[in-house]
Each structure stands twice: as C-alpha cells, then as structure tokens.
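Undergrad: Quick one: the structure is below, and I'll ask about it shortly.
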Amino acid sequence: MMTANVGGLDRGLRIVLGLGLLLAGLLVPAIGWWGLLGLVPLGTGLLRWCPPYALLGLNTCARP
Numbered sequence: 001m002m003t004a005n006v007g008g009l010d011r012g013l014r015i016v017l018g019l020g021l022l023l024a025g026l027l028v029p030a031i032g033w034w035g036l037l038g039l040v041p042l043g044t045g046l047l048r049w050c051p052p053y054a055l056l057g058l059n060t061c062a063r064p
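Numbering follows our numbering, with no gaps: position 58 of the sequence shown is 58.
Right, here's the structure in full:
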C-alpha cells in the first residue's frame, strides 16, 4: 500500500522542480530529452509518495 510520505514543502519543491525541468527540456535545445527526467519529481510530488523514502523509512509529512 502506498502511504503518503512526501509532505507539504517537499511536495511543492518537487512539483516546481519537475515542471521546471520539463519546461527547460522544451525551451533549451541542449537539454532536450533530458527534460523528461522532470516527470520523476513531478510524479512523486503529485502522488505524495516517493519509493526511495519508503525504502529508507523517511517521511516528511506532518505528524498528526
């Protein structure tokens, strides 16, 4: 089961970074296809779940 392990600030930074990389890939010819790497932080930010965090037992969500 995928329990949320990406909190507020972490989530926002991932989404901004992911969108920035995708946009850079479109606008900067030297980056090109490498911009698709932005899908990783964008996806983890939108899903609020990061596989490496789950493996390492990390959690940046606010505690109840």
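For every residue, glycine included, the Cβ atom is placed at its ideal position computed from N, Cα and C.
ILE31 and ALA24 look like a contact to me (Cβ under 8 Å); what is the Cβ gap, rounded to whole Å?
TA: What you label residue 31 is simply residue 31 of the sequence shown in a count that begins at 1. What you label residue 24 is simply residue 24 of the sequence shown in a count that begins at 1. Contact flag correct, Cβ pair sits at about 5 Å.
Undergrad: Quick one: Cα of LEU19 to Cα of ARG11, how far?
TA: Here residue 19 refers to the residue found at position 19 when the sequence shown is read from its first residue. Here residue 11 refers to the residue found at position 11 when the sequence shown is read from its first residue. Distance between the alpha carbons of LEU19 and ARG11: 12 Å.
Undergrad: Is it buried or exposed for GLY45, if we count other Cβ within 10 angstroms and need 16 for buried?
TA: Indexing the sequence shown from 1 puts residue 45 at position 45. With 16 or more other Cβ atoms within 10 Å, it is buried.
Undergrad: Pick from ARG48, MET2, GLY43: whose alpha carbon is nearest that of CYS61?
TA: The sequence position of residue 61 within the sequence shown is 61, counting from 1. For the residues ARG48, MET2, GLY43, the minimum Cα distance to CYS61 belongs to ARG48.
Undergrad: Just tell me which of ALA54, LEU55, VAL28, LEU22 has its CA closest to the CA of GLY35.
TA: Counting from 1 along the sequence shown, the entry for residue 35 is found at position 35. When each option's Cα is compared against that of GLY35, the closest is LEU22.
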